[in-house]
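Contents: one structure, followed by commentary.
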Amino acid sequence: MKERMPLSQRLKVTIRCNRCNEKFVLRGRKEHGKVDTGFKMCLCSNADDFEIVEEALG
Numbered sequence: 748m749k750e751r752m753p754l755s756q757r758l759k760v761t762i763r764c765n766r767c768n769e770k771f772v773l774r775g776r777k778e779h780g781k782v783d784t785g786f787k788m789c790l791c792s793n794a795d796d797f798e799i800v801e802e803a804l805g
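Quick note, the working numbering runs 747 ahead of the 1-based positions in the sequence shown.
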């Protein structure tokens with residue numbers, strides 16, 4: 748019998764830029780302790796100064 752891999756956890760991720768205060772709300776998956784949303788950088792070219800909040804989706 749085949750063993751199934753556990754499904755990755757789906758999340759709602761809110762990312763707020765600490766430089767320009769822009770807010771992004773994305774969906775992502777948590778696998779191996781990391782969240783993947785595809786987000787790379789803010790519109791103001793900030794790539795690493797963010798406030799990130801994760802919420803589990805049903």
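The beta carbon of each residue, even a glycine, is placed where N, CA and C say it ideally should be.
Length of the line joining the Cα atoms of residue i and residue j
| i | j | result |
| --- | --- | --- |
| E778 | K770 | 24 angstroms |
| V772 | V800 | 10 angstroms |
| R776 | L758 | 6 angstroms |
9 angstroms Cβ cutoff met for residue i and residue j
| i | j | result |
| --- | --- | --- |
| A794 | Q756 | no |
8 angstroms Cβ shell around residue i - same chain, five flanking residues per side excluded
| i | result |
| --- | --- |
| C767 | C789, L790, C791, N793 |
As assigned by DSSP and simplified to three states, the class of residue i
| i | result |
| --- | --- |
| C791 | coil |
| E801 | strand |
| E769 | coil |
Residues of its chain near residue i, where Cβ-Cβ distance is below 7 angstroms and the 5 sequence neighbours each way are ignored
| i | result |
| --- | --- |
| N765 | D796, F797, E798 |
| F786 | I762, F771, L773 |
Neighbourhood of residue i by C-beta distance below 6 angstroms, restricted to the same chain and skipping five residues each side
| i | result |
| --- | --- |
| R816 | Only positions 748 to 805 of the chain appear in the structure, and residue 816 is not among them; the question remains open. |
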